[in-house]
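Take the sequence shown: its letter number 102 is residue 102 in full-length UniProt numbering, and every next letter is one higher. Glycine residues also receive a C-beta, built at the ideal position from the N, C-alpha and C atoms. Keep in mind the model is a prediction, meaning the values are calculated, not measured. These notes are about the structure you will find just below.
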Amino acid sequence: MSEMRVVGVRVELPANQPILLLRETEGERYLPIWIGSVEATAIALEQQGVRPARPLTHDLLKEVIGALGRELEQVVITDLREGTFFAELVFDGNVRVSARPSDSVALALRVGVPIHAVDSVLEEAGLIIPDEQEDEVEKFREFLDSVSPEDFRGADT
1 MSEMRVVGVR VELPANQPIL LLRETEGERY LPIWIGSVEA TAIALEQQGV RPARPLTHDL
61 LKEVIGALGR ELEQVVITDL REGTFFAELV FDGNVRVSAR PSDSVALALR VGVPIHAVDS
121 VLEEAGLIIP DEQEDEVEKF REFLDSVSPE DFRGADT
């Protein structure tokens, strides 16, 4: 199992599909996960340190966990089946709850717990970006610095 860090979220064109990009903290593999726009906004807001006037769903879940006296210890991306990623929230006492990776990452960022991916998922979906493509990763980071939560809203909102 490898610890991952959130590189960020970007929108894949022309489909306007948000992608969450994770990277091994002690390795070279990247893990791209296609996610929904609501979760992309939640992740982007947290990464930018934006505090909405009212709590979002992931903020509420963080407060509920604390109010119930539980502690989220880590998030694990556990499986990839037919193109769909699966994750678990791991609580104190090794209580595990199945969750979508996008929700899990949004919550992990708010709580400040590590994100891990099992080796089988990284072997199947992990990407190694050759040195000559590192400038593309830097361009992606620059993009993340310039993106705003409004960029994730659909045309119908």
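4-residue-minimum alpha helix (DSSP H) runs that sit fully inside the stretch 104–131, ordered along the chain: Every unbroken stretch of the alpha helix (DSSP H) spanning 4 or more residues and falling wholly within the stretch 104–131 is given here in chain order: 119–125.
Test item: CB-CB of residue 108 and residue 31 under 8 Å: Note that the C-beta distance between residue 108 and residue 31 is not below 8 Å.
Same chain only: Cβ atoms within 7 Å of residue 46, ignoring 5 sequence neighbours per side: So the qualifying residues of the chain are 106, 109 and 110.
Nearest residue (CA-CA) to residue 162, options 63, 95, 44 and 40: The structure shown does not extend to residue 162, since the chain is modelled only from 1 to 157, so the question has no answer here.
Separation of residue 19 from residue 9, as counted between CA atoms: Their backbone Cα atoms lie some 5 Å apart in a straight line.
Residue from 37, 35, 34 and 7 whose Cα sits closest to the Cα of residue 24: Of 37, 35, 34 and 7, the smallest CA-CA separation from residue 24 is found for 7.
Three-way DSSP call (helix, strand, coil) for residue 49 in this model: Under the three-state reduction of DSSP output, residue 49 falls in the coil class, being neither helix nor strand.
Cβ-based neighbour list, residue 121, same chain, cut-off 8 Å, excluding 5 preceding and 5 following: Excluding positions up to five away in sequence, the list reads 31, 77, 78, 79, 80 and 85.
Endpoints, alpha helix (DSSP H) assigned at residue 63: In the DSSP assignment, residue 63 falls within the unbroken alpha helix (DSSP H) covering 57–67.
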